[in-house]
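Here our numbering is used: the first residue of the sequence shown is 204, the next is one more, and so on.
Working notes, structure below.
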Amino acid sequence: MELTTAVNALEQWRPIMEWDEHIKELPDELKECWNTILKNRNKGRSADQIGLSNVEIKKISELINKDLQPTKAFWKYGVKYSRQRAEVLGMKDVIDNYYKRVNSYYLVDVVTREKHQFCSLQDVAKFLKRKDYRSVSKYIDRGLLITRTSYKIYKYRTFKKRKRF
Numbered sequence: 204m205e206l207t208t209a210v211n212a213l214e215q216w217r218p219i220m221e222w223d224e225h226i227k228e229l230p231d232e233l234k235e236c237w238n239t240i241l242k243n244r245n246k247g248r249s250a251d252q253i254g255l256s257n258v259e260i261k262k263i264s265e266l267i268n269k270d271l272q273p274t275k276a277f278w279k280y281g282v283k284y285s286r287q288r289a290e291v292l293g294m295k296d297v298i299d300n301y302y303k304r305v306n307s308y309y310l311v312d313v314v315t316r317e318k319h320q321f322c323s324l325q326d327v328a329k330f331l332k333r334k335d336y337r338s339v340s341k342y343i344d345r346g347l348l349i350t351r352t353s354y355k356i357y358k359y360r361t362f363k364k365r366k367r368f
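Here's what the structure looks like:
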């Protein structure tokens, strides 16, 4: 349904100034019109209303890519972080990549220096052909070889801090 059609239908019911006050009295056949208007009200939010320029948005993205938490990166520019606000600013992929990277597990082969990134311990267990992922969790960040393999497992922060592999 188009916005103009929805507005016209609701204007026949009551004047625009009275809509919000009498919305509980809205007939069932006009509820779809009201939902159309509400959707269009919410679409009006943009980066201009948040108060950030394109340069500031790029700087925030760079900070997040350098592993600064999104809440702290937004806070540096005086804006409160929310996932919805990041999507409005066009930063959804930056935020998703950050959380994917930070919540990952890294498996390092000691012999070949090969590195593998996994999103969950279940994926690590599948790679190692183990039935249970809980046995792998006791080796995280300890620098110990996983039993019967030549692999060590690390969380992202520890993996990033390690100088040599």
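Glycine included, every Cβ here is placed at the ideal spot set by N, Cα and C.
Residues that DSSP places opposite residue i in a beta bridge
i: Lys358; result: Tyr308
Residue i versus the options, residue with shortest Cα-Cα distance
i: Phe321; options: Lys358, Asp335 and Lys332; result: Lys358
i: Gly374; options: Ile260, Glu228, Ser353 and Glu232; result: Any question about residue 374 goes unanswered here, given that the chain covers just 204 to 368.
i: Ser264; options: Pro230, Tyr301 and Lys242; result: Tyr301
i: Phe330; options: Tyr342, Thr315, Thr352 and Leu271; result: Thr352
i: Arg316; options: Asp270, Ile240 and Tyr354; result: Tyr354
i: Asp270; options: Val291, Gln287 and Val297; result: Val297
i: Lys242; options: Lys275, Glu205, Thr350 and His319; result: Glu205
i: His225; options: Thr274, Arg217 and Val311; result: Arg217
i: Asp223; options: Thr207, Glu232, Ile240 and Asp231; result: Ile240
i: Lys303; options: Gln272, Val291, Asp231 and Phe277; result: Gln272
i: Asn268; options: Tyr342, Lys318, Asp299 and Arg288; result: Asp299
Whole-number beta carbon distance between residue j and residue i, since they are thought to touch under 8 Å
i: Leu347; j: Tyr336; result: In fact, because the Cβ distance is near 17 Å, the residues do not count as touching under 8 Å.
i: Arg333; j: Val339; result: 7 Å
i: Ile356; j: Val313; result: So it is not a contact: roughly 11 Å between Cβ atoms.
In chain order, which continuous runs of the alpha helix (DSSP H) of length 4 or greater are located wholly inside the segment 254 to 341? 257 to 268, 273 to 279, 286 to 291, 295 to 305, 324 to 330 and 337 to 340
Please determine if the segment 300 to 317 and the segment 347 to 365 are in contact, where contact requires at least 3 C-beta pairs separated by less than 8 Å. yes
Is the segment 254 to 261 in contact with the segment 270 to 286, if contact means three or more CB pairs nearer than 8 Å? yes
Does the contact criterion of 3 or more C-beta pairs under 8 Å hold for the segment 227 to 236 versus the segment 209 to 218? yes
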